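Data block below; observations after.
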Amino acid sequence: MDFSKLRLSAPGDSPNTDGIKIGNSYRIRISRSVIGTGDDCIAILSGSREIHISKIFCGPGHGISIGSLGGYDNEDDVEEVFVKDSGLKGTTNGLRIKTWAILIP
Numbered sequence: 016m017d018f019s020k021l022r023l024s025a026p027g028d029s030p031n032t033d034g035i036k037i038g039n040s041y042r043i044r045i046s047r048s049v050i051g052t053g054d055d056c057i058a059i060l061s062g063s064r065e066i067h068i069s070k071i072f073c074g075p076g077h078g079i080s081i082g083s084l085g086g087y088d089n090e091d092d093v094e095e096v097f098v099k100d101s102g103l104k105g106t107t108n109g110l111r112i113k114t115w116a117i118l119i120p
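Residues in the sequence shown are numbered consecutively from 16, following our numbering.
This is the structure:
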């Protein structure tokens, strides 16, 4: 599935406003887009693979995040995430992998 030429916007201080959230998906392409939020510009969750992100601008927000992962026994891996020719400005993080130190009961 391809997503291109999107303009997603939420106030920088608004909680829980992920721009794009991907989970249990494969062969996703996001390109030529501008994303500004109060949370993750792009969140990539359990079970996602072959995710291609190119020519996007992210900010404000938390950046591009993989996870949170490792909090539950039944989570699937995230594989083959590619980010190129993109910019992040005014984000609390750039690219990050969010993990849990212990399993959540």
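Heads up, the beta-carbon is just placed ideally off N, CA and C, and yes, glycines get one too. It should be emphasised that the depicted structure is a prediction, and the values quoted were computed from it without experimental measurement.
Annotation for isoleucine 66: the continuous beta strand (DSSP E) segment containing it runs 64 to 73. When DSSP states are grouped into helix, strand and coil, glutamate 95 belongs to the strand group. Note: arginine 22 is bridge-paired with Val49 in the DSSP secondary-structure output.
Contact check for leucine 118 and glycine 86: beta-carbon distance about 6 Å, within the 8 Å limit, so the pair qualifies.
Serine 83 and valine 98 have their C-alpha atoms spaced approximately 18 Å apart. Each residue's CA atom was taken as its position, placing arginine 42 and lysine 36 some 14 Å apart.
With a beta-carbon spacing of about 5 Å, serine 80 and aspartate 55 fall inside the 8 Å limit used to define contacts.
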